[in-house]
Amino acid sequence: MPPAAESESSVREAEASPSETMRGLLELTRPGNVAAAGVLTFTGAFVADGLLAPAAIVAAVAATMFATAAGNAVNDYFDREIDRINRPDRPIPRGAVSARGALWFSVALFAGAVVSAAVLPVTAIAIAVVNLVALLAYTELFKGLPGVGNVVVAYLTGSTFLFGAAAVGGAFETTVLVLFALSAMATFTREVTKDVEDVAGDREEGLRTLPIVVGERRSLALGVAVLAVAVAASVVPFVVGGFGVVYLALVLPADGVMLWGAARAFADPSAGQTRLKQGMFLATAAFIAGRITASGGVPA
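First residue of the sequence shown: 81, per the numbering used here; consecutive thereafter.
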């Protein structure tokens, strides 16, 4: 970047007050995404084993939240030049947090994830290791490859359910696998929609995201097709007899919200990806309700 711009950024960083820096560090983690990831891990554990292993559930949720926060922070570190175009209000571009400060903050968060995951079963630790490596490699290796970065983020989101199930020693039964597939596919669609939103900055940075390579409408059409498979998969727990009509009554509206969001993205990508996220949370609630009603009450 031009020396003048670098100098201006340095001035802003130097002038940031402690309270502004703390707020910036919190923003780096994306608190909403961190809380959502924790909920997804809890859901995977709950669906697999109820509440029979509370200590393992707490450790798994903590590991997920630390890792998600770390991944968001390190992503902002690597994306700081793109964000000057796409997201100038983020902590590093606006000078609330220095690039070096964001990097060290992410290291501390990754350490928290490692410590939390270390007490879990071997399968859960293996998932955690794979996910931490993927988080670290995402921006530098995968993000700029057409579709590959979207698949990596989709896997990472869906794997929170697998991680939760593995943390309590649960088997990857049909409902957990459907949770993984539904979440991963819906996330893929949402990530493609976000790439359409960010085309200007990504093109300026020289990235080859899916919308840049194949076009925005084709990318969105692919997202719709992938989501349609996810919606079809969402009825499997009911069909195989694991979850009953309460689950079905909740998951079908969630499917509708996600499909609406995917269709809305053609005209307004920002609104579309918001609806997709809302639908994903409704689907998560459906799985929790399905587990409770299938058990005849809250497992203890």
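Beta carbons are placed, not taken as given, at the ideal position from N, Cα and C, and that holds for glycine. These numbers come from a predicted model, not from an experiment.
Leucine 221 is classed as exposed because its beta carbon has fewer than 16 other beta carbons within 10 Å across all chains shown.
Residues of the same chain with a CB within less than 7 Å of the CB of valine 199, apart from the 5 flanking positions on each side, are Ala139 in chain order. For the pair alanine 280 and lysine 223, the Cα-to-Cα distance works out to about 15 Å. Around the beta carbon of alanine 264, 16 or more other beta carbons lie within 10 angstroms, which makes this residue buried. One alpha carbon belongs to isoleucine 165, the other to tyrosine 218, and they sit about 20 Å apart. In this structure, alanine 206 keeps its C-beta atom at 8 Å or more from the C-beta atom of alanine 125. The region 140 to 160 makes contact with the region 208 to 217, as at least three CB pairs between them are under 8 Å. Of the residues Ser186, Thr254 and Thr237, the one whose Cα lies closest to the Cα of valine 319 is Thr254. Note on alanine 251: under 16 other CB atoms within 10 angstroms of its CB, so exposed under the neighbour-count rule. Shown here for alanine 342: same chain residues with a beta carbon closer than 7 Å to its own, the five before and five after excluded, namely Thr269, Gly303, Val304, Leu307, Gly352 and Leu356 in chain order. The shortest CA-to-CA distance from isoleucine 368 to any of Met338, Gly322, Ala347 and Gly336 is the one to Gly322. Inclusion of leucine 300 and proline 226 in the CB contact set at 8 Å is not warranted, their separation being larger than that value. Phe158 is the residue among Ala204, Phe158 and Phe122 whose C-alpha sits nearest the C-alpha of leucine 108. For leucine 330, the number of other beta carbons within 10 angstroms of its own is at least 16, and it is reported as buried.
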